[in-house]
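With this note's numbering applied, the sequence shown corresponds to residues 169 to 268, in that order.
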Amino acid sequence: SFPKVSSAIPDNNFHQIYLDVKPVNTTLHLETVRQLPLSTYKLSYERSGIERVRIGVVGPDIANIIPDAVEIVPKRILPPLEKGARPVALTNFPVVNEQT
169 SFPKVSSAIP
179 DNNFHQIYLD
189 VKPVNTTLHL
199 ETVRQLPLST
209 YKLSYERSGI
219 ERVRIGVVGP
229 DIANIIPDAV
239 EIVPKRILPP
249 LEKGARPVAL
259 TNFPVVNEQT
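Shown next as structure tokens:
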């Protein structure tokens, strides 16, 4: 089992790491999270070569509920899947800002 956060981080370290800590309206944030539809999906670009089923919220679904959290990048270049192959270019790629 994991130690409690309060016992794992000494108080003096806590204040060195976190600044301006304030409580938030959890009711508001929980309602927003409840609206996010979870999906299972696979990535078309999987560098490991192992096809994994993932669980999460995909970019367009997040954009419908939290528009400021997603930026559509016109073009994103990813490294080649195999050595010597060409890089992979993705267009209109949704990038999620996890801090929003």
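All C-beta atoms in this analysis are idealised placements derived from N, C-alpha and C, irrespective of residue type, glycine included. Predicted model, so just to flag it, every value in this text is computed and none were measured.
Item checked: Per-residue DSSP class, three states only, for E239 -> In the structure shown, E239 falls within a strand segment according to DSSP collapsed to helix, strand and coil.
Check: DSSP on A253, reduced to helix/strand/coil?
Finding: coil
Margin query: With distance defined between alpha-carbon atoms, name the residue in V256, Q267, V264 and N265 nearest to E214.
Written below: V256
Note to self: When you compare the CB positions of L204 and V225, do they come within less than 8 Å of one another, or not?
What the structure shows: yes
Item checked: Sequence-distant residues of its chain with Cβ nearer than 8 Å to R222 (five each side left out) -> Around R222: T208, Y209, K210 and L211.
Check: Buried or exposed: where does I230 fall if 16 or more other Cβ atoms within 10 Å of its Cβ makes it buried?
Finding: buried
Item checked: According to DSSP, residues forming a beta bridge with L258 -> Answer by DSSP bridge pairing, in chain order: R244.
Next item on the list: Could you tell me the boundaries of the alpha helix (DSSP H) in which I218 lies?
Entry: Segment: none, I218 is in no alpha helix (DSSP H) and carries neither H nor E.
Item checked: Backbone secondary structure at V264 - three-state DSSP -> strand
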